[in-house]
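S.K.:
There are 2 protein chains.
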Amino acid sequence: MSDILVAPESLTARKKRRAQQSIVEAADELFRAHGFENVSVTDIAARAEVGRTTFFRYFGDKAEVVFAHEQQLLDTITEIASHESVETAHTPAKAIDQLEPIVLELCAKASANADGYVLHYELIAKHPELRARDALKTQLIADTLSDLLIARGTEESVAIFAAQIALACAQTGRRRANNPHTLVADTRAAFEQVQLRA
Amino acid sequence: MSDILVAPESLTARKKRRAQQSIVEAADELFRAHGFENVSVTDIAARAEVGRTTFFRYFGDKAEVVFAHEQQLLDTITEIASHESVETAHTPAKAIDQLEPIVLELCAKASANADGYVLHYELIAKHPELRARDALKTQLIADTLSDLLIARGTEESVAIFAAQIALACAQTGRRRANNPHTLVADTRAAFEQVQLRA
Chain U
57 MSDILVAPES
67 LTARKKRRAQ
77 QSIVEAADEL
87 FRAHGFENVS
97 VTDIAARAEV
107 GRTTFFRYFG
117 DKAEVVFAHE
127 QQLLDTITEI
137 ASHESVETAH
147 TPAKAIDQLE
157 PIVLELCAKA
167 SANADGYVLH
177 YELIAKHPEL
187 RARDALKTQL
197 IADTLSDLLI
207 ARGTEESVAI
217 FAAQIALACA
227 QTGRRRANNP
237 HTLVADTRAA
247 FEQVQLRA
Chain H
57 MSDILVAPES
67 LTARKKRRAQ
77 QSIVEAADEL
87 FRAHGFENVS
97 VTDIAARAEV
107 GRTTFFRYFG
117 DKAEVVFAHE
127 QQLLDTITEI
137 ASHESVETAH
147 TPAKAIDQLE
157 PIVLELCAKA
167 SANADGYVLH
177 YELIAKHPEL
187 RARDALKTQL
197 IADTLSDLLI
207 ARGTEESVAI
217 FAAQIALACA
227 QTGRRRANNP
237 HTLVADTRAA
247 FEQVQLRA
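As they're listed, the protein sequences go chains U and H. Quick note on the numbering used here: the first sequence kicks off at 57 and runs consecutively. Quick note on the numbering used here: the second sequence kicks off at 57 and runs consecutively.
#1: Can you tell me whether V122 (chain H) is helix, strand or coil according to DSSP?
#2: In the structure shown, what three-state DSSP assignment does V250 (chain U) receive?
#3: Could you give the C-beta distance for R223 (chain U) and A224 (chain H), rounded to a whole number, given that I count them as a contact under 8 Å?
#4: Which residue from U:A168, U:A124, U:D153, U:R232 puts its Cα closest to that of A219 (chain H)?
#5: Can you say whether T134 (chain U) is buried or exposed, counting buried as having 16 or more other CB atoms within 10 angstroms of its CB?
#6: Just to confirm my understanding: we take F205 (chain H), look at its own chain, exclude 5 residues before and 5 after, and list those with CB closer than 8 Å. What are they?
#7: Write down the C-beta distance between V80 (chain H) and V121 (chain H) rounded to the nearest angstrom, noting that I regard them as a contact closer than 8 Å.
#8: What whole-angstrom Cβ distance do V142 (chain U) and R208 (chain U) have, given they're in contact under 8 Å?
#9: Are the C-beta atoms of V62 (chain U) and some chain H residue less than 7 Å apart?
#10: Would you call A254 (chain H) buried or exposed, if buried means 16 or more other Cβ atoms sit within 10 Å of its Cβ?
#11: Using Cβ-Cβ distances below 7 Å, what residues of the segment 198-221 of chain U are close to chain H?
#12: Comparing the C-beta of Q127 (chain H) with each C-beta of chain U, is any distance below 7 Å?
#13: Use the C-beta contact count for K72 (chain H): other C-beta atoms within 10 angstroms, 16 or more gives buried, fewer gives exposed.
#14: Given 8 Å as the limit, is there contact between the segment 183-202 of chain U and the segment 188-203 of chain H, that is, 3 or more CB pairs closer than that?
#15: What residue does the alpha helix (DSSP H) around P184 (chain H) start on, and which one ends it?
#16: Does the beta carbon of T228 (chain H) come closer than 7 Å to any beta carbon on chain U?
#17: Select from H:R88, H:D199, H:R70 the residue whose C-alpha is nearest the C-alpha of L179 (chain H).
#18: Could you name the residues of chain U that A51 (chain H) contacts, counting a contact when the two beta carbons are closer than 8 Å?
#19: So, helix, strand or coil for P236 (chain H), using DSSP?
#20: At the level of alpha carbons, what is the spacing between L86 (chain H) and D99 (chain H)?
#21: Can you tell which of H:T243, H:Q249, H:A75 has the C-alpha that lies nearest to the C-alpha of E161 (chain H)?
#22: Should E105 (chain U) go down as buried or exposed, given a rule of 16 or more other Cβ atoms within 10 Å for buried?
#23: Could you tell me whether the Cβ of R113 (chain H) comes closer than 7 Å to any Cβ of chain U?
#24: What first and last residue would you give for the alpha helix (DSSP H) that runs through R112 (chain H)?
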């Protein structure tokens, strides 16, 4: 009886989360053991004990598994946007003030598992295809930040600019040291150096 | 006899430029006629009247042909760096002052052929693989700008930050309107809004 009382969305969501988790873990193990280029989607699906159809339900391709965490970060932004109710930022300076804590939260989440962070960037550095995907995901984060500001009423041209500057600060933090232990502090330092004209 | 007097590098360089040009033109025509996904490297090589080996001597893969122009822009930065002798920028503000005219020059070159610019971004928008490659090329431009500052004596952490902010301005120009006729003005407007603390 108790099963019937659980909302079907909740079960589906849990099943989805577990399947994604198994796929990511299986892929991580296989990439480390054999190298990204020597592992196929079939290998990953077999190790995760799911079918190829299930794999492709959750991930567009093999590279997408590497960026499962980035996808979660994008979901974090959407979550923040739907829960928080803040006043509209009408100037670039106010808009970037709204983005700074969100970007620092993303940096904190991205670097929380320091060893995982280092392995992630080591893997990306080795493969041009993954470097390209990483650059795209990074721009997607900026576009999502811009959309968040627009949803709060900020004018589009102000939102685009503030989001790109926020991305520049995050990229600076990553590129200066690419150290998970100082990522948040390095990114905050970059934000502190920027001033925007009203 | 006159052939012997021509430096071999010059002949090789001209041959290379002509082969690259034919490949880019052949690819452009085929992509427009049949769609990017339906054209193979073999098709492009055949239309350009070169072998596949020649194709791969100049381009890493099919997507790379789409970004031949971006590669030329990277070469432009290197050229500027080798010809110009300027004083070292020791602050982010001075560093970005040095990058602004270079970025505006890149924008001018990128948008000089307005129709080509529009077609280029229409093609990219349709293909996730090309969007990823575009994002990577864009980051490569920022890294090259950073290297240029470092070569001029700017401290690495200042150079990285200034290059990322310069990239943010260029991306803002592109994203606000993505109009080849206003790209330079839109990008200049973004630079005018940024101030950096010394």
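Glycine included, C-beta positions come from ideal geometry on N, C-alpha and C.
M.R.: Inspection of the coordinates gives the following:
#1: helix
#2: strand
#3: This sequence places Leu at residue 223 (chain U); Arg is not what is there. 7 Å between Cβ atoms; contact.
#4: U:R232
#5: exposed
#6: The sequence shown places Leu at residue 205 (chain H), not Phe. Same-chain partners within the cutoff: A145, A151, Q154, L155, V214, A215, A218, A219.
#7: 6 Å
#8: 6 Å
#9: In this predicted model, V62 (chain U) has a pLDDT of only 48, less than 50, meaning its place in the structure is not dependable; the value taken from the coordinates is given anyway. By this cut-off, V62 (chain U) is not an interface position.
#10: Annotation note: pLDDT 49 at A254 (chain H) (below 50); position unreliable, coordinate value reported separately. The residue in question, A254 (chain H), is exposed, as its Cβ has fewer than 16 Cβ neighbours within 10 Å.
#11: S213, I216, F217, Q220, I221
#12: no
#13: exposed
#14: yes
#15: 184-207
#16: yes
#17: H:R88
#18: An answer regarding residue 51 (chain H) cannot be provided, because it is not within the stretch 57 to 254 covered by chain H.
#19: coil
#20: 8 Å
#21: H:T243
#22: exposed
#23: no
#24: The sequence given here places Phe at residue 112 (chain H); Arg does not occur at that position. Its alpha helix (DSSP H) spans residues 108-114.
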